[in-house]
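Counting in the numbering used here, the sequence shown runs from 2 upward without gaps.
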Amino acid sequence: MYIETMDAAIECENLTKTYPGKPPVEAVRGISLHIKRGECFGILGPNGAGKTTALELMEGLLIPTSGTVKVLGKTWQKDSTWLREKTGISLQETKLSEELTVLETIRLFASFYQDSADPKDIIAQVSLESKSLSLIGKLSGGQKQRVALACALVGRPELLFLDEPTTGLDPQSRRQVWEMIQKFQAKGGTILITTHYMDEAEKLCGALAIVDQGKIIAQGSPGELLKDFGGQTRIEVDFLEPGPDPQWISPHSEITHMSEVSPNRFLLQTTSLIDSLPKVLAAATLTGKTIQTIRTHQPTLEDVFVGLTGRNLRDEVTGS
Ligand SMILES: Nc1ncnc2c1ncn2[C@@H]1O[C@H](COP(=O)(O)OP(=O)(O)OP(=O)(O)O)[C@@H](O)[C@H]1O
Ligand SMILES: [Mg+2]
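This is the structure we're talking about:
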């Protein structure tokens, strides 16, 4: 029988981590997560929220102050050798030896695993064939990051931990990394990723946890989070000349709010952009005034975060 935990790639309960010091830093303050096998799970949060600390607790690189972590049904205390074989890690910042070539670096990492992939195949996957014989010290920041990713992949992991894998990459390289992640997932792999990029989270992740000040403040699929916490879609209508009747659009069930920002600018909120937009356009035309612009804004994960915390995702956590 397939028991419940067989489905879980990662299970953690009430995980906490306090870094000693004066004062001590409570970086992770009670995180519980259930990450399914085959899922790409994202952790989002501002700088200092505790994402890297949480990840390193799950990667077996840090020992929790309290709470439990199970990875692929095992614990780091009992089964670390087995777990190292099954997991791949790309740290937020990787210091690789500058004096080795790309190929030597990947071969070195391959040697740590009993069942590793062909280093040349992995180098091709991260599109670094032309840099295979270049020294790490001579690579650009983005290229180094792709080497780090290759190091995480070369042991044929079942579970990948990626801490901000695309930060600093150009748009094309970011898309290449996304493709690699998607291919890895398509072959049955599980990914736990942190990112600051909302488009990345929406594109890759089936489930997300939003972390703030060491705690999960919301969890769900991107669609669920947007629906529950993103607020409504806004439509902003600008007329060229002021003066349409402030009640120019009659009430519709999906238009929940309408306000006059200035005599020629109106803001509407709607639960359905598709239904509202033709009605707004028709009503605005009937005013006889010239429409200058109609702008729409659909909620993003950034709005979810602002809605939940009153702060921007890029704001630093203060205090701890
Ligand atoms: N080794 C350490 N010793 C003491 N405090 C630490 C240590 N590492 C991290 N912290 C603190 O723990 C908190 C969480 O840090 P962490 O690196 O986990 O955040 P993060 O969410 O990954 O941030 P970022 O988005 O900037 O990578 C921060 O307040 C940080 O200053
Ligand atoms: Mg971090």
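Cβ atoms here follow ideal geometry from the backbone N, Cα and C, with glycine treated the same way.
Counted within 10 angstroms of its Cβ, other Cβ atoms place residue i as buried (16 or more) or exposed
| i | result |
| --- | --- |
| I123 | buried |
| G320 | Since pLDDT at G320 reaches only 43, below the 50 mark, its modelled position is unreliable, and no value is offered. |
| T271 | buried |
| F113 | exposed |
| A9 | buried |
| T196 | buried |
| A125 | exposed |
| D164 | buried |
| A219 | buried |
| E130 | exposed |
| I4 | Bear in mind that the predicted position of I4 carries a pLDDT of just 45, short of 50, making it too unreliable to give a figure here. |
| P264 | exposed |
| I64 | exposed |
| P1 | Because the chain is modelled from 2 through 321, residue 1 falls outside the range shown and cannot be assessed. |
| V281 | buried |
Beta-bridge partners of residue i, as assigned by DSSP
| i | result |
| --- | --- |
| L34 | C13 |
| C41 | I192 |
| K216 | D213 |
| L163 | S91, I194 |
| D239 | R266, T294 |
| H258 | Q270 |
| K75 | V72 |
| S67 | T17 |
| A208 | F42 |
| T234 | T271 |
| T102 | L136 |
Rounded separation between residue i and residue j - CA only
| i | j | result |
| --- | --- | --- |
| V305 | T257 | 19 Å |
| M259 | L287 | 17 Å |
| G89 | K216 | 25 Å |
| S251 | G232 | 22 Å |
| E40 | E237 | 37 Å |
| E57 | R235 | 39 Å |
| G49 | A55 | 11 Å |
| S141 | Q177 | 16 Å |
| G169 | D246 | 49 Å |
| T19 | T66 | 6 Å |
| D171 | S254 | 44 Å |
| G190 | P158 | 8 Å |
| L73 | K188 | 17 Å |
| W77 | K71 | 8 Å |
| Q93 | P166 | 7 Å |
| A28 | A285 | 52 Å |
| A283 | T297 | 16 Å |
| P21 | P47 | 22 Å |
| Q214 | K37 | 25 Å |
| V26 | I32 | 15 Å |
| F185 | L154 | 9 Å |
| I182 | K290 | 50 Å |
| K79 | R108 | 28 Å |
| C152 | R312 | 36 Å |
Problem set entry | ligand 1 site residues, beta-carbon cut 6 Å against heavy atoms | Y20, G22, V26, A28, G46, N48, G49, A50, G51, K52, T53, T54, Q93, S321
Problem set entry | Segments assigned alpha helix (DSSP H), at least 4 residues, entirely inside the region 266-309 | 274-287
For this session: Please list the segments of the alpha helix (DSSP H) lying wholly inside the region 120-190, counting only runs of 4 or more residues, in order along the chain.
Result: 120-126, 142-154, 172-187
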